[in-house]
Each structure stands twice: as C-alpha cells, then as structure tokens.
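For reference, the structure is listed below as structure tokens.
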Amino acid sequence: MFHAHLFSHAHDAYSALMRELGQDLKGLLQEGVCLVPLVHAEADFHLPMELDDEIEIRIHALPPGNSSMGFHYRFLKKEQLCASATTRHVFIDRKRHGSLPLPPGLREKLQALTD
C-alpha cells in the first residue's frame, strides 16, 4: 500500500464510526456553522501491505478534549499489525475559526469508546 493511502483508509474508518455514533458530520458541515479539520496525523508502518491484501482496520477513540477528538487506528493483516495511525480533529467556528465545544452527546459517546 502506498503510504499516503493509509490516511484515506483511516478517514473512511473515522467517517463510518461517526455514522455509527449518530453524528451527521456532513450535515454539520452543510449547515455552515462549523468545520472539523484534521489538525494532527501520524503513522507508523510495521509490516508490508500489498495490493489485494485483506486489511482490517480497528479504530479506538482517544480521550476527547473540549473541542477536539482523537483516534488511534490499527491496520491488521491476519491479526498481524501492519501499520498504526493517530489523528486528531478539532471543531471550529466556520467564520471566526475559533474552537467550538464538541456537539452535545458526542463527548460521552467518545468517552465510552476509550474505556
């Protein structure tokens, strides 16, 4: 797998998790009130991942901040860790670009995933 593609797959896992948690990020963005930019991303590669390998992505929420949420991803091939990544997103006001608190209920849902 080309190294930059790892973050594309991580983003897909993040989007799926947000849908599972009942968070309509697309709706929030379309309302025009906030943005949820990626402010930090890092990855480590442990084993090769090749074309057509079946890779399982396990996502784990990190303890949420007041306006931020973070995730740790594990990319597994036959239960072997091939890569890991961490991302952090921040909710910001679209107009003034200052931080916004997490949407109501999201902190509790994320906190439950860190336990």
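Numbered per the numbering used here, the sequence shown spans residues 1367 to 1481.
We put the beta carbon where it would ideally sit given N, CA and C, even for glycine.
Candidates the options: closest to residue i by CA position
i: Leu1442; options: Gly1398, Pro1469 and Glu1420; result: Glu1420
i: Asn1432; options: Phe1368, Arg1385, Tyr1380 and Gln1477; result: Gln1477
i: Val1405; options: Thr1480, Ser1434 and Gln1446; result: Ser1434
i: Arg1454; options: Gly1436, Met1415, Leu1468 and Pro1470; result: Gly1436
i: Thr1480; options: Gln1389, Ala1451, Arg1462 and Pro1430; result: Pro1430
i: Pro1414; options: Arg1385, Leu1372, Lys1461 and Phe1457; result: Leu1372
i: Gly1464; options: Leu1447, Leu1401 and Ala1451; result: Leu1401
i: Leu1468; options: Val1399, His1375 and Thr1452; result: Val1399
i: Arg1440; options: Ile1423, Ala1382, Ser1374 and Gln1446; result: Ile1423
i: Ala1427; options: Ala1451, Glu1445 and Phe1411; result: Ala1451
Collapsed DSSP secondary structure at residue i in the structure displayed
i: Glu1445; result: coil
i: Leu1331; result: This structure cannot settle anything about residue 1331, because the visible part of the chain is limited to 1367 through 1481.
i: Glu1422; result: strand
i: Met1435; result: strand
i: Asp1459; result: strand
i: Phe1373; result: helix
i: Glu1386; result: helix
Opening and closing residue of the alpha helix (DSSP H) in which residue i lies
i: Glu1525; result: Here the chain covers residues 1367 to 1481 and nothing more, so residue 1525 does not appear.
Cut-off 8 Å between Cβ atoms - residues of its own chain near residue i, not counting five sequence neighbours on either side
i: Leu1472; result: Leu1387, Gln1389, Pro1430 and Met1435
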